[in-house]
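Trainee:
Chains as they are written, first to last, in this note's numbering: chain U, 17 to 319; chain E, 1315 to 1840.
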């Protein structure tokens, strides 16, 4: 394996590298479709306040007289509820658009924080070795041996409700994945000559780790990050479905699905169904992108 | 040829036999909540009491509308204001064949306060009662003060066999050792998380029940319970989810039975503190607790559109409430009507009270304790927000909610500013509800035990005390009714609605609905 092939991070840095990367990504039509879908979803979520017919978080606008209306019904305020309304009269189109915002934000923010913490600890473990490494990696093992839903459930039950607490719980269940991945790559990088060169030039430990080793460990992190973001979104939905997640009056997709669950048998399928579809499509899109990223960034699959 | 016919006949017999045993002899009931024990004195909880009444009986019985009637005591009289004499039935035998006597009553009364590790004992029902055996079938009960609720209390105490249960622990009773009563059914087994089974007591003194065997299955999830009924896994289910009631009513295979419940859903307001932790001005600064102002309380109760909640959230499975118990019960006030929705009047009251711009409020409540509880709070939050009181909702798992709502604040005070809760009048009269929810909080005197708003009104307290000391039923009802008017006109709490209890059974079974939420095999007739 050549040094270049082992350093896809460095390869991506150049403009030519990026173009090549994009071309390779686009070779898979399905992944491209996933990416476009993801961009559309993210775009819709971003501009939700401007396109949603109702602000579903403003209780003065949500009216129980509009509750449980089928798709296409007209709301008291005059607009048409294309996907119907839920049990308290929230328009589902608006609810889903706003819910996507929360779901994506929770997934991304918790992913970024977890990545930052996990990468730092992983690098420190790999670079320092010895007791530090043992301590950090046993912590990672402990974390990974517990089911993430259970850990998140306990944390949220202890911390209480709220978007910040959900994010904190998701960070705690996710950082270990990043730490383990980064440590694996960093262990390989640490023994390479450029690290030795950096050290003999008298660079500090911190500079060596973050400016030289880290960029070369990024490829697998990007892959893990996409998978974990999808995981975080579905975990948030699970927690909300179980009633310990986000507040009822500011529903994420999980809360919307949970709200409709009791109506499933009584024929009012739309209350759970449409938010469920939105969640499904989002996660599938992220996973399609993640899968392709893994293929493109994996040096062993380099042609 | 003969062999073939024999085989066919056998197959037919098997099919018919299987069908017959499931329909004619055995009754399978899907319960929404699971009893925590088969020990009748262990935990004063609706599912425990309901299941216990199949095996055990009390001296006084309550019918489906909670009217007192003779149970194991065939008659009673008051010798004076503080002494009651009860004549016990002479023809009653326990399931093990031993006769029922006054000793069993004494044994049961002594056992009630002494059940180890009881999470919610029935001690309040025997406290202050001195019981004395006159002969094998006569007992006298003395109290220090007149006790108007003597019969209601006795109806809560299941009589166990002094012989069979002498040294039985709660664990023994769960396993069927000493689970011996006088009731219409005998205990067979209790499998926590799955089922409780009883079989018919053929020697029952009121006459045999139609069901040879009754299996209670615990099916907590609403859609699953409905599905179990529709698929024929169970014959009867309790607590039909409101979302499914209308659809089941149209289902030809199913019959519904519903009764107005003795459970009221209400809002309690913080009346303890001068500044309440979850009330803020619109700019987020602390303000004086607005709930001390009567006009604010009147504005809030007027801003609630009760018919809309009943129709849109409860789907008709509730009735707008005017007080703590529906006015079909004695002791309630017929003059009180549900407060009518009038947003303009409510806004005016709020402005007059000095809050023209409203304030911010968080309502707390349980998720999943009462029918549609979270949705009701959301609907109330919508209505308050329209009034100008910007309201947010926080729901918590019931166990967490109740402990914090009762004692989560500093010095074990209630933590929240406004809560949604429900109260079921187990005694079948309003005195106990008013004493628990609205009398001044005093743990020594046992008043205000569920007064999480810490409402306190000396005039009201006096009326309730007077009512409890009045043994004459008609006079007592009058006093309680006037107490209800005092406290409701002062908006001591905000009643929202009374629940309806709905059962669904497969066609052909007749269920007599009960106001006390108890699901009895005795209420089901083929």
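Here a beta-carbon is modelled for each residue, glycine too, at the ideal position from N, C-alpha and C.
How many whole angstroms separate the CB atoms of residue 1839 of chain E and residue 1498 of chain E, which I take to be in contact at a CB cut-off of 8 Å?
Mentor: By one-based count along the second chain, residue 1839 of chain E stands at place 525. By one-based count along the second chain, residue 1498 of chain E stands at place 184. Distance from residue 1839 of chain E to residue 1498 of chain E at the Cβ level is roughly 13 Å; contact not present, criterion being Cβ atoms closer than 8 Å.
Trainee: State the start and end residues of the unbroken beta strand (DSSP E) segment that holds residue 1368 of chain E.
Mentor: As a working mapping, residue 1368 of chain E is identified with position 54 in the second chain. Unbroken run through residue 1368 of chain E is the alpha helix (DSSP H), 1360–1369; no beta strand (DSSP E).
Trainee: Counting only the same chain and skipping the five closest in sequence on each side, list residues whose C-beta sits under 7 Å from that of residue 320 of chain U.
Mentor: Nothing about residue 320 of chain U can be reported from this structure: the residues present for chain U run from 17 to 319 only.
Trainee: Terminal residues of the continuous alpha helix (DSSP H) containing residue 1403 of chain E?
Mentor: By one-based count along the second chain, residue 1403 of chain E stands at place 89. No alpha helix (DSSP H) contains residue 1403 of chain E, which DSSP labels as neither H nor E.
Trainee: Could you name the residues of the same chain whose beta carbon sits closer than 7 Å to that of residue 226 of chain U, not counting the 5 residues immediately before and after it, in chain order?
Mentor: The residue labelled residue 226 of chain U in the question sits at position 210 within the first chain. Nothing meets the Cβ criterion.
Trainee: DSSP on residue 1642 of chain E, reduced to helix/strand/coil?
Mentor: Residue numbering aside, residue 1642 of chain E sits at position 328 when the second chain is read from its first letter. Note: residue 1642 of chain E maps to coil in three-state DSSP.
Trainee: Using the Cβ count rule (16 or more neighbours within 10 Å means buried), how would you classify residue 1339 of chain E?
Mentor: Position 25 of the second chain, counted from the start, is the residue given in the question as residue 1339 of chain E. With fewer than 16 other Cβ atoms within 10 Å, it is exposed.
Trainee: Distance check for residue 253 of chain U and residue 295 of chain U, CA to CA, integer angstroms please.
Mentor: Here the question's residue 295 of chain U lines up with position 279 in the first chain. Here the question's residue 253 of chain U lines up with position 237 in the first chain. For residue 295 of chain U and residue 253 of chain U, the distance between alpha carbons rounds to 8 Å.
Trainee: Assuming residue 1808 of chain E contacts residue 1618 of chain E (C-beta within less than 8 Å), just tell me the rounded distance between them.
Mentor: The residue labelled residue 1808 of chain E in the question sits at position 494 within the second chain. The residue labelled residue 1618 of chain E in the question sits at position 304 within the second chain. About 7 Å; that satisfies the 8 Å criterion.
Trainee: Could one say the Cβ of residue 1526 of chain E lies closer than 8 Å to chain U's Cβ atoms, at least one of them?
Mentor: Here residue 1526 of chain E corresponds to residue number 212 of the second chain, with the count starting at 1. No, because no Cβ of chain U sits closer than 8 Å to the Cβ of residue 1526 of chain E.
Trainee: Work out the CA separation of residue 1547 of chain E and residue 1345 of chain E for me, nearest whole Å.
Mentor: For the purposes of this step, residue 1345 of chain E is taken as the residue at position 31 of the second chain. For the purposes of this step, residue 1547 of chain E is taken as the residue at position 233 of the second chain. Approximately 13 Å between the Cα atoms of the pair.
Trainee: Cβ of residue 1337 of chain E less than 8 Å from any chain U Cβ?
Mentor: Position 23 of the second chain holds residue 1337 of chain E. Per-residue confidence for residue 1337 of chain E stands at a pLDDT of 47, beneath the threshold of 50, marking its modelled position as unreliable; no derived number is given.
Trainee: So with CB distances below 9 Å, who are the chain E contacts of residue 59 of chain U?
Mentor: The count along the first chain starts at 1 and reaches residue 59 of chain U at position 43. The contacting residues do not exist; residue 59 of chain U stays about 29 Å from chain E at best.
Trainee: So for residue 143 of chain U, helix, strand or coil by DSSP?
Mentor: If you number the first chain from 1, residue 143 of chain U lands on position 127. Residue 143 of chain U falls in the helix class under three-state DSSP.
Trainee: Count the other C-beta atoms from every protein chain shown that fall within 10 angstroms of the C-beta of residue 66 of chain U, then say buried if there are 16 or more, exposed otherwise.
Mentor: Here the question's residue 66 of chain U lines up with position 50 in the first chain. With fewer than 16 Cβ atoms within 10 Å of its Cβ, residue 66 of chain U is classed as exposed.
Trainee: Could you have a look at residue 1605 of chain E and say whether DSSP puts it in helix, strand or coil?
Mentor: As a working note, residue 1605 of chain E is residue 291 in the second chain. Helix at residue 1605 of chain E.
Trainee: Between residue 1399 of chain E and chain U, is the shortest Cβ-Cβ distance under 8 Å, so that the two count as touching?
Mentor: Mapped onto the second chain, residue 1399 of chain E falls at position 85. Closer than 8 Å: no.
Trainee: Here's the rule I'm using: 16 or more other beta-carbon atoms within 10 Å means buried, otherwise exposed. How should residue 261 of chain U be labelled?
Mentor: Within the first chain, residue 261 of chain U is the residue found at index 245, counting from 1. The residue is buried, with at least 16 neighbouring Cβ atoms inside 10 Å.
Trainee: Give me the Cβ distance between residue 272 of chain U and residue 112 of chain U, rounded to the nearest whole Å; I'm assuming they're in contact under 8 Å.
Mentor: As a first step, residue 272 of chain U is located in the first chain; it is residue number 256 there, counting from the start. As a first step, residue 112 of chain U is located in the first chain; it is residue number 96 there, counting from the start. Yes, residue 272 of chain U and residue 112 of chain U are in contact; Cβ-Cβ is about 7 Å, under 8 Å.
Trainee: Take residue 1569 of chain E and list the residues in its own chain whose beta-carbon comes closer than 6 Å to its own, dropping the five residues that flank it on each side.
Mentor: As a first step, residue 1569 of chain E is located in the second chain; it is residue number 255 there, counting from the start. Hits under 6 Å: 1819, 1821.
Trainee: Tell me which same chain residues have a C-beta within less than 6 Å of the C-beta of residue 1801 of chain E, skipping the five on either side of it?
Mentor: In the second chain, the residue the question calls residue 1801 of chain E occupies position 487. If we look at residue 1801 of chain E and ignore the five residues flanking it on each side, its Cβ neighbours are 1752, 1774.
Trainee: Please return the same chain residues whose Cβ sits closer than 8 Å to the Cβ of residue 1827 of chain E, not counting the five positions on each side in sequence.
Mentor: Against the second chain, residue 1827 of chain E aligns to sequence position 513. Result list for residue 1827 of chain E: 1378, 1571, 1572, 1573, 1815, 1816, 1817, 1837, in chain order.
Trainee: Is DSSP giving residue 228 of chain U helix, strand or coil here?
Mentor: Taking the first residue of the first chain as 1, we reach residue 228 of chain U at position 212. Reduced to three states, the DSSP call for residue 228 of chain U is helix.
Trainee: Below 8 Å, can you find three or more Cβ-Cβ pairs linking the region 1654–1668 of chain E to the region 1752–1765 of chain E?
Mentor: no
Trainee: Enumerate in chain order the residues of its own chain whose CB-to-CB distance from residue 1788 of chain E is below 6 Å, with the five nearest sequence positions on each side excluded.
Mentor: Here residue 1788 of chain E corresponds to residue number 474 of the second chain, with the count starting at 1. For residue 1788 of chain E, where only same-chain residues beyond five positions count, there are no Cβ hits under 6 Å.
Trainee: Evaluate contact between the region 92–106 of chain U and the region 137–156 of chain U, counting only Cβ atoms and requiring at least three cross-stretch pairs below 8 Å.
Mentor: no
Trainee: Do residue 1355 of chain E and residue 1472 of chain E have their beta-carbon atoms positioned less than 8 Å apart in this structure?
Mentor: Reading the second chain from its first residue, position 158 is the one you call residue 1472 of chain E. Reading the second chain from its first residue, position 41 is the one you call residue 1355 of chain E. A contact, by the Cβ cut-off of 8 Å.
Trainee: Taking any Cβ of chain U, which residues in the region 1663–1691 of chain E have a Cβ under 9 Å from it, in chain order?
Mentor: 1681, 1682, 1686, 1688, 1689, 1691
Trainee: Report yes if the CB atom of residue 1707 of chain E is closer than 8 Å to the CB atom of residue 1719 of chain E, and no otherwise.
Mentor: Working through the second chain from its first residue, we reach residue 1707 of chain E at position 393. Working through the second chain from its first residue, we reach residue 1719 of chain E at position 405. With respect to the 8 Å criterion, residue 1707 of chain E and residue 1719 of chain E are not classified as neighbours on the basis of their beta carbons.
Trainee: Going by DSSP, what residue range makes up the alpha helix (DSSP H) through residue 1678 of chain E?
Mentor: Here residue 1678 of chain E refers to the residue found at position 364 when the second chain is read from its first residue. Counting along the chain, residue 1678 of chain E falls outside any alpha helix (DSSP H), though it belongs to the beta strand (DSSP E) covering 1674–1680.
Trainee: What whole-angstrom Cβ distance do residue 91 of chain U and residue 107 of chain U have, given they're in contact under 8 Å?
Mentor: Taking the first chain and counting its residues from 1, the one referred to as residue 91 of chain U is at position 75. Taking the first chain and counting its residues from 1, the one referred to as residue 107 of chain U is at position 91. With 8 Å as the limit, residue 91 of chain U and residue 107 of chain U qualify as a contact, their Cβ atoms being about 6 Å apart.
Trainee: Does residue 1450 of chain E pass the burial test, meaning 16 or more other C-beta atoms within 10 Å, or should it be called exposed?
Mentor: As a position in the second chain, residue 1450 of chain E is number 136, starting the count at 1. Answer is exposed; the Cβ neighbour count stays below 16.
Trainee: My guess is that residue 1511 of chain E and residue 1529 of chain E are in contact by the Cβ rule of under 8 Å, so how many angstroms apart are they, rounded?
Mentor: As a position in the second chain, residue 1511 of chain E is number 197, starting the count at 1. As a position in the second chain, residue 1529 of chain E is number 215, starting the count at 1. The Cβ separation is near 5 Å, so the contact holds.
Trainee: Taking all protein chains shown into account, decide if residue 1332 of chain E is buried (16 or more other Cβ within 10 angstroms of its Cβ) or exposed.
Mentor: Here residue 1332 of chain E is taken as the residue at index 18 of the second chain, counted from 1. At residue 1332 of chain E, the pLDDT of 41 sits below 50, so the modelled position is not reliable; the number obtained from the coordinates is stated separately. Counting Cβ neighbours within 10 Å, residue 1332 of chain E comes out exposed, since fewer than 16 surround it.
Trainee: Comparing alpha-carbon positions, which option in E/1731, E/1772, E/1798, E/1734 lies nearest residue 1746 of chain E?
Mentor: The residue given as residue 1746 of chain E occupies position 432 in the second chain. That would be E/1798, whose Cα lies nearest to the Cα of residue 1746 of chain E.
Trainee: Using a Cβ-Cβ cut-off of 8 Å, state whether residue 181 of chain U counts as contacting chain E.
Mentor: For the purposes of this step, residue 181 of chain U is taken as the residue at position 165 of the first chain. Taking Cβ atoms only, chain E never reaches closer than 8 Å to residue 181 of chain U, which makes this a no.
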